[in-house]
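Okay, structure first, notes after.
There are 2 protein chains.
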Amino acid sequence: MNYRFSDTTKAFESSAVREILKLTQGRSIISLAGGLPNEQFFPVEAVSEAFDRVFKQGKGVLQYGLTEGYTPLRENISKHLERKGIRAGVDNMLLTTGSQQAIDLLTRVYIDPGDVILVERPTYLAAIQVFQSRQAKLVSVDCDADGMIPEDLERKIKQHRPKLVYVIPTFSNPTGKSWSLERRQSTLNLCKSNDVLILEDDPYGELRFGGGEPMPSIFSLEQEANGGAVVYTSTFSKIVAPALRTGWVIGDEQVIRHMTRAKQAADLHSSTMDQQALHQLFEHFDLYGHIDQIRTAYETRMRQMIDLMKAKNWDGVQWIEPKGGMFVWVEMPEHINTQELLKLAVEEGVAFVPGISFFANEPQTNTMRLNFTHTDSEDMVRAFDRLDRALRRVEK
Amino acid sequence: MNYRFSDTTKAFESSAVREILKLTQGRSIISLAGGLPNEQFFPVEAVSEAFDRVFKQGKGVLQYGLTEGYTPLRENISKHLERKGIRAGVDNMLLTTGSQQAIDLLTRVYIDPGDVILVERPTYLAAIQVFQSRQAKLVSVDCDADGMIPEDLERKIKQHRPKLVYVIPTFSNPTGKSWSLERRQSTLNLCKSNDVLILEDDPYGELRFGGGEPMPSIFSLEQEANGGAVVYTSTFSKIVAPALRTGWVIGDEQVIRHMTRAKQAADLHSSTMDQQALHQLFEHFDLYGHIDQIRTAYETRMRQMIDLMKAKNWDGVQWIEPKGGMFVWVEMPEHINTQELLKLAVEEGVAFVPGISFFANEPQTNTMRLNFTHTDSEDMVRAFDRLDRALRRVEK
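Protein sequences appear in the order of chains A and B.
Per my numbering, the first sequence starts with residue 5, numbered consecutively.
Per my numbering, the second sequence starts with residue 5, numbered consecutively.
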C-alpha cells in the first residue's frame, strides 16, 4: 500500500526535542521538562465521591449528551467566571476536551490556509502545532516582561493583516510571565480597532502566587456584550486533574455556535461522565480551598527552584521570577545552545525543554523552560546539581 | 467586531432537518429520529464499580496520559478484536473520543482539499460533514442489498482517482444493511490494487441478530500485516455506553502514528478516566453476556417495528429487514418527499430522519431512517399510528 498522506501531515513531524526526551523514558532521569501538575494534590477522594453521586442518578447519566457540554456544569463555570469578573452565560460557552481542543476548534472555524496569526515570542508549543497544521502563517510579536510590545504589535497588524492574535497573558507557558494591565488594554484596543480576534488562553490563571488580587483577563476588559473581540479558554486540568480532560471556551454566541458545529463533526461531544463529575465537585467540594492549597505548594516549589539557581551562581544566566503558573523561563549566555546542553543534561540525569520549541520563528537557542510543579524537594536539589555538571561540560 | 470565519465553516451550516427536529424539543413527540442506544441496558452499576476500582489505585490515575490511550485498555481491545479474527497490537491502535474522532483524524492526515472520497449511497451523515469540512470532493458509489456494486466502484476509482473509500459494511447507518462476503472481498481487491485506502467504520458490528456467525470485517480479510489497505474503527458507545466517549482505530503503524500526532494537536488525549474504567470493565464484567442481552432486546424491537409497518399495509413502501444494528431504512413511493412528510409527522407527534441527509449527492428524497432501539414497545405502536396519519395526510 502506497500511502498518500495530506500536506498538513508534515506539520506533525517528530521534533528533535521529542526524540531526545524519549531517551529519558525508563531511565532514572529527573524531568523538569514536562508540564505536569503534581499528583500529590489531585483530590482523588473527592473526585471518586463525585462520580458516585453521578452514578446514583441512574442509567440516564450514560447516554449521549449535548455537543455544547453538560448544562449544569456550564452554569457552574459561569458562576466561577463571575468571581473573576467575566460575564459569560451557558450560551456563550462550549465544553471541550481540555483547552487544547478549544485552540484547535477555533483554528478550524476561523483560519484558512495562508491566514496570518500573531503569537507571543515565545509561545505555547502545542498551539504552534495546531496553527501550522492548519497551514497558517505565524508571525511572532516582540515581548518584554510586561507582555506584547504595542509598537511591534501595531506594526505587525498593519503589515500582515492577521485574523487572530493568540496570547497567554497570565503566567504564560513557557515564560511564566504575567502581562501588565496596560499591555492587556493596549493589545485589546489595537486588535479591536483592526478587527483582529484575540484568543486568550488561560490554563494557569488560578495558580497565582503571593495572595494578591488577580489581574483582569483581556476578556473581562472587553466591554462589548460577550467579549466580541476576545475568545477565552481555560481548563480544569491544573486545578482539579488532567485525566478528566475538561476545558471550556467562551466568546460571542456566533463564534461559539460555529465552534460547536465543528466539535460535532470532530467528536460529537467530550466525556459527559467527567463533566457530570465536575459538576458534582462544584456542588460538594471546596474547590477554592483546594486551589489555595495548590497555590501555596507550587509557590514553595518555585521559590526553591529560584533559590537553587541563585546558589549555583551561573555566569550570565537570567530568569524571570514567575508570579504564578508552572514554569520558569531561563536565558543562558548566548553562546550556549540548550539543545546541545540537553544532550549532556540527559547524560547527567536531568531533562528540560530547550526554548527553541516555543518559537514560531527566529528562535532564541540559548533558552529553556523549567517546570517546578512536578518534582519533589529532594529531587529538585539533585536536578540542579546535575544541570550544573552539564553546564560545566558545555562551558569547557 | 467583524468576524471573518474560515471557508470551511460553511460546511457546518445548520440543516433543514436539524431545524425541524428542533421543533420536537420539549414536546411530547415520539422520536424514531435519534441514533441513541437504549438506556435501559446501560450497565450503570458495573460502570460505577469500574470507576471505584480505578480510584482505589490512588492519585496517579488523575494524571495526564498517553495520546495513544491507556495501554491496558488497548491490550484488552486487542484481545477483543482477536475474537473477531482481527489482529491488531497496541502499536496499531489509537483510542479516540468515540469513533467519530477517528473519522476526523484520518481525514486530517490523509485528505487535502479537493481530494476525492468515495462513499456509499447513502452513508453516515456525520462522516459526510467531516469530509465536506475538509473540502473533500465526495462521490457516491451505487449500492444494492449486498454492498457497493463492484462495477460502479471500479468505474469511479478509474474516473475520480480517490484517495479514500469510506464504508460501513456491517449493519450500516442509515440502511441497516450488511455487505456480503463477496462484496467485502471485491471492494478490498479493487481498492488495494489501486492504492485506495479503505476506512471501515464498524460501530454496530456487535449488535448482530439471529445468533449466527459474524461476517468478517474487511480489515480481517486484508492479509497484509496490520491491514495496510484498511483502517478500521469501532466504539464502546453501542455496547457499553456513549457517555464514556471511547472509540478506537486500528491500522498500519505509519497511519496510526500520523493520526496520533494529529490527535496530540487536537486534544492531547481523550478522557483517561473513562479509558481506565473500561479496562476495569473488561477485567471484572461479563461484557459478552451483556452484549448478548442487548442483541436479544434490540432484535425484539426491530421485529416489532417491522411487524407494525407490515400491519399498516402502506402502498408501495419498502424496507430492508436489518440483520443487526439500530436502524431500518424505508423507501416510500417516489412521489413522497420525506422532508415534507416529516413536517406533518411532527404535527402528529412522531419524528424520523428524512433520508436526504445521508446522501453525499443525488439524494433519494423518498427515503427515511427509523431507529428501533430507543423507543419502548407501547410508544412504538403509537409512533406508527401517528406516522400512518401523517402519511394519509400527505397522500391526499
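Just so it is clear, CB atoms sit at the ideal spot from N, CA and C, and this is done for glycine as well.
All values reported here derive from a predicted model rather than from experimental measurement.
Asked	Found
Selection of the region 154-167 of chain A by Cβ proximity to chain B, strictly under 9 Å	167
Assigned secondary structure, residue 315 (chain B) (DSSP; H/G/I helix, E/B strand, else coil)	helix
Closer than 9 Å at the beta carbon, the chain A residues around residue 254 (chain B)	Simply none; closest approach about 15 Å.
Contact set for residue 44 (chain B): own chain, Cβ-Cβ below 6 Å, skip 5 residues either direction	none
Distance, residue 363 (chain B) Cα to residue 125 (chain B) Cα	6 Å
Residue 114 (chain B), enclosing alpha helix (DSSP H) - first and last residue	102-114
Inter-residue spacing [alpha-carbon to alpha-carbon] between residue 317 (chain A) and residue 129 (chain A)	29 Å
Cβ pair count under 8 Å reaching 3, the region 202-213 of chain A against the region 170-186 of chain A	yes
Status (buried if at least 16 other CB within 10 Å, exposed otherwise) for residue 337 (chain B)	exposed
C-alpha distance - residue 54 (chain B) paired with residue 366 (chain A), whole-angstrom precision	49 Å
Limits of the unbroken alpha helix (DSSP H) element including residue 277 (chain A)	276-288
Those residues which DSSP pairs with residue 207 (chain B) across a bridge	Looking at the DSSP assignment, residue 207 (chain B) forms no beta bridge with any residue, so it has no partner.
Beta-carbon proximity list for residue 315 (chain A), same chain, < 6 Å, skipping 5 on both sides	none
Three-way DSSP call (helix, strand, coil) for residue 358 (chain B) in this model	strand
Assigned exposure category for residue 205 (chain A) - 16 Cβ within 10 Å defines buried	buried
Residue from B:319, B:357, B:138, B:393 whose Cα sits closest to the Cα of residue 332 (chain B)	B:357
Beta-carbon contacts of residue 312 (chain B) that lie in its chain and below 6 Å, excluding the five residues immediately before and after	388
Selection of the region 72-105 of chain B by Cβ proximity to chain A, strictly under 9 Å	100, 101, 102, 104, 105
Three-way DSSP call (helix, strand, coil) for residue 256 (chain B) in this model	coil
Neighbour list for residue 289 (chain B) in chain A, Cβ cutoff strictly below 9 Å	Within 9 Å Cβ-Cβ: nothing; residue 289 (chain B) doesn't reach chain A, min ~14 Å.
Which of helix, strand or coil DSSP assigns to residue 374 (chain A)	strand
Chain E residues whose Cβ lies nearer than 7 Å to that of residue 9 (chain A)	Included in the structure are the protein chains A and B, with no chain E among them.
Outcome for residue 71 (chain B) when other beta-carbon atoms lying within 10 angstroms are tallied against a minimum of 16	buried
Interfacial residues, the region 305-334 of chain B to chain A, with Cβ spacing under 9 Å	none
With 16 other Cβ atoms within 10 Å as the buried cut-off, status of residue 83 (chain B)	exposed
Buried or exposed by the 16-neighbour rule on C-beta atoms within 10 Å, applied to residue 80 (chain A)	buried
Residues of the region 113-139 of chain B whose Cβ lies closer than 7 Å to any Cβ of chain A, in chain order	113, 114, 115, 116, 130, 133, 134, 137
Per DSSP, cross-strand counterpart(s) of residue 147 (chain A)	A:152
Any chain B beta carbon closer than 8 Å to residue 383 (chain A)	no
Proximity of residue 202 (chain A) and residue 169 (chain A) at Cβ, strictly below 8 Å	yes
Rounded straight-line distance, which links the Cα of residue 74 (chain A) to that of residue 390 (chain A)	47 Å
Within chain B, partners of residue 414 (chain A) - CB distance below 8 Å	As shown, chain A starts at 5 and ends at 400. That puts residue 414 (chain A) outside it, with no answer to give.
Unbroken stretches of the alpha helix (DSSP H), 4 residues or longer, contained in the region 25-101 of chain B	48-59, 75-86
Contact under 8 Å by Cβ, residue 224 (chain B) with residue 90 (chain B)	yes
The region 150-167 of chain B contacting the region 177-190 of chain B, beta-carbon criterion three pairs below 8 Å	yes
Whole-Å CB distance - residue 166 (chain B) paired with residue 120 (chain B), under 8 Å assumed	4 Å
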